[in-house]
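**Student:**
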Amino acid sequence: MKQLFSIQRRLDERILQEHQLEREMIFSDKLLALQVEVGELANETRCFKYWSKKPSAERSIILEEYVDGLHFILSLGIDKGWEEVPEEIEDADSSLTAQFQTVYQYAADLAKCSEKQTYIRLFRAYLELGGLLGFSRQEIEEAYLLKNKTNHKRQTEGY
Numbered sequence: 046m047k048q049l050f051s052i053q054r055r056l057d058e059r060i061l062q063e064h065q066l067e068r069e070m071i072f073s074d075k076l077l078a079l080q081v082e083v084g085e086l087a088n089e090t091r092c093f094k095y096w097s098k099k100p101s102a103e104r105s106i107i108l109e110e111y112v113d114g115l116h117f118i119l120s121l122g123i124d125k126g127w128e129e130v131p132e133e134i135e136d137a138d139s140s141l142t143a144q145f146q147t148v149y150q151y152a153a154d155l156a157k158c159s160e161k162q163t164y165i166r167l168f169r170a171y172l173e174l175g176g177l178l179g180f181s182r183q184e185i186e187e188a189y190l191l192k193n194k195t196n197h198k199r200q201t202e203g204y
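Taking this note's numbering as reference, the numbering of the sequence shown is continuous, increasing by one, and the terminal residue is 204.
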């Protein structure tokens with residue numbers, strides 16, 4: 046994860062500089078952006094859509110949505126100087142819906158109480174969600190790197 050934090054830091058610094066922002070001023074915006082991304086991810090999995098027979102989106106789309114959220118989680122940790130996170134996680138033993146709710150709860154907790162332990166719980170829950178979605182750490186890192194390049198390109202193009 047150290048490499049991903051470093052790569053995210055470069056993107057964050059670019060965005061801060063190009064948009065003349067201060068890191069401290071946008072923490073709550075990033076947290077809301079994370080919550081929106083988690084919702085988009087849940088929507089693509091369709092895990093909660095008990096009324097629908099339509100299948101989930103393609104795996105590649107779900108993975109891309111997942112790493113969108115990872116960008117914001119890394120960025121939140123960078124903002125607070127919390128870049129030391131546990132590398133090992135346990136497999137989640139909950140349903141996808143329950144795990145999404147856990148991620149939302151920890152994000153809400155972080156909004157109320159900005160403490161490192163709360164961030165670590167959020168980070169772990171998100172990694173556990175990735176495992177429940179069937180993604181390996183390597184797949185996540187590779188997809189993150191691709192999306193990071195896209196995000197830099199978007200900044201160049203004035204996205």
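No residue lacks a Cβ here, since even glycine has one placed at the ideal position from N, Cα and C.
In three-state DSSP terms, what is R91?
**Tutor:** Stepping through the sequence shown from its first residue, residue 91 is reached at position 46. Note: R91 maps to coil in three-state DSSP.
**Student:** Judging by CA-CA distance, which residue of I60, L61, L56 and L76 is the nearest neighbour of L155?
**Tutor:** Translated into positions along the sequence shown, residue 155 becomes position 110. When only C-alpha atoms are compared, the closest one is L76.
**Student:** Since I believe G84 is in contact with Y171 (beta carbons under 8 Å), could you give me their beta-carbon distance rounded to a whole number of angstroms?
**Tutor:** Within the sequence shown, the letter at position 126 stands for residue 171. Within the sequence shown, the letter at position 39 stands for residue 84. At roughly 14 Å, the Cβ-Cβ gap does not stay under 8 Å, so Y171 and G84 are not in contact.
**Student:** Between Q162 and D136, what straight-line distance do the alpha-carbon atoms span, to the nearest angstrom?
**Tutor:** Position 117 of the sequence shown, counting from 1, holds the residue named residue 162. Position 91 of the sequence shown, counting from 1, holds the residue named residue 136. About 19 Å.
**Student:** Taking Y149 as the reference, which of E69, H116, Q53 and E82 has the closest Cα?
**Tutor:** Working through the sequence shown from its first residue, we reach residue 149 at position 104. Nearest of E69, H116, Q53 and E82 to Y149, Cα basis: E82.
**Student:** For Q144 versus E173, is the C-beta distance shorter than 8 Å?
**Tutor:** Against the sequence shown, residue 144 aligns to sequence position 99. Against the sequence shown, residue 173 aligns to sequence position 128. Against a cut-off of 8 Å, the Cβ pair of E173 and Q144 comes out as a contact.
**Student:** In the structure shown, what three-state DSSP assignment does Q84 receive?
**Tutor:** Locating residue 84 in the sequence shown gives position 39, counting from the first residue. Residue identity check: residue 84 is Gly in the sequence provided, not Gln. The answer is helix: DSSP assigns G84 an H, G or I state.
**Student:** H197 by DSSP, collapsed to three states: which one?
**Tutor:** The residue you call residue 197 lines up with position 152 of the sequence shown. Three-state DSSP puts H197 in a helix.
**Student:** By Cβ distance below 6 Å, which residues in the same chain neighbour I185 in space, the five residues on each side in sequence not counted?
**Tutor:** Numbered from 1 along the sequence shown, position 140 holds the residue referred to as residue 185. Excluding positions up to five away in sequence, the list reads G175.
**Student:** To the nearest angstrom, how far is it from the Cα of K47 to the Cα of E128?
**Tutor:** Looking up residue 47 in the sequence shown gives position 2. Looking up residue 128 in the sequence shown gives position 83. Taking the straight line from one Cα to the other gives about 7 Å.
**Student:** Do you know offhand how far L178's Cα is from L141's?
**Tutor:** By 1-based counting over the sequence shown, the position of residue 178 is 133. By 1-based counting over the sequence shown, the position of residue 141 is 96. About 8 Å.
**Student:** Would you mind sorting R169 into buried or exposed? The rule is 16 or more other CB atoms within 10 Å of its CB.
**Tutor:** As a working note, residue 169 is residue 124 in the sequence shown. Counting Cβ neighbours within 10 Å, R169 comes out buried, since at least 16 surround it.
**Student:** For the candidate residues E109, I165 and R199, whose alpha-carbon lies nearest to that of P131?
**Tutor:** If you number the sequence shown from 1, residue 131 lands on position 86. For P131, the nearest C-alpha among the options comes from I165.
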